[in-house]
Every structure is written in structure tokens, then in C-alpha cells.
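S.K.: What follows is a structure written as C-alpha cells; I'll ask about it next.
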Amino acid sequence: MQSSYQSLIPKKVLSVHKLAKYWDRTPATIYNYITKGRLFKGQRIYLQATKLGGGYVIHPTEIGAFLAALNSPPEAPKKTTNKINKSMAERIAKALQHIEFN
648 MQSSYQSLIP KKVLSVHKLA KYWDRTPATI YNYITKGRLF KGQRIYLQAT KLGGGYVIHP
708 TEIGAFLAAL NSPPEAPKKT TNKINKSMAE RIAKALQHIE FN
């Protein structure tokens, strides 16, 4: 099964301008993905690129990693527990016996 973003991954190394045209975005958007990243689930995801001369080139595997990170499923909520183990409860009960309440 192919992911929905797989069609957005080119087959060859692209310049920023060519990737922008491929994705129907502006070159400034692609530069921002490289330099500033994109905020996703509270963290910055960067498009990795190689500086070459005065610009960048982006390898298809880096494009795939960027898109995969932006299309990852939401994390399952962390389970919290309010259980107190038996020995902890016993120690609390003993400590409370020695406290005088007025």
C-alpha cells in the first residue's frame, strides 16, 4: 500500500526551485522548510538539503523523510495511573498513625 504523500517524492535530486515547482509552492516556502523547518506536533521538522554553490539540492530520500515525518500518525495518549503500590500505602498508613490531628 502506497502512502498518500509518496507521489510527492521525485525520483531525482532537485534544486529548491525545481522542488517548489514540483510541489506547486514558492521557492521561499522550500527555503523555509530547510532553514526554519515546519512546526508539527510541538517540534520542528526540517527538510534536509545539501548546500551546493549558492543554493541547495534536495535528495529524494530527504524529501521522503520530511513528508513521512509530517504524515506520521498522532501519538497515543500516555497512560497515567493513580495506583499506589501496597508497600507505599502501608508506609503512609503507619506515618498517619503517628500524626496527632487537633
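Letter 90 of the sequence shown, counting from 1, is numbered 737 in my numbering, and no numbers are missing. The beta carbon of each residue, even a glycine, is placed where N, CA and C say it ideally should be. Quantities reported herein were computed from a predicted structural model and do not represent experimental measurements.
#1: Specify, as a first and last residue, the run of the alpha helix (DSSP H) that G711 falls within.
#2: What are the complete beta strand (DSSP E) segments, minimum 3 residues, inside the region 649–691?
#3: With burial defined as no fewer than 16 other Cβ atoms inside 10 Å of the residue's Cβ, what is the status of A740: buried or exposed?
#4: From M648 to L655, what distance separates their C-alpha atoms?
#5: Whole angstroms are fine: how far does the CA of Q653 sit from the CA of G711?
M.R.: Concretely, from the data shown:
#1: Element bounds for G711: 707–717.
#2: 685–687
#3: exposed
#4: For M648, the pLDDT reaches just 41, beneath the cut-off of 50, and the residue's location in the model is therefore unreliable, although a value from the coordinates is still provided. Those two C-alpha atoms are separated by around 15 Å.
#5: 7 Å
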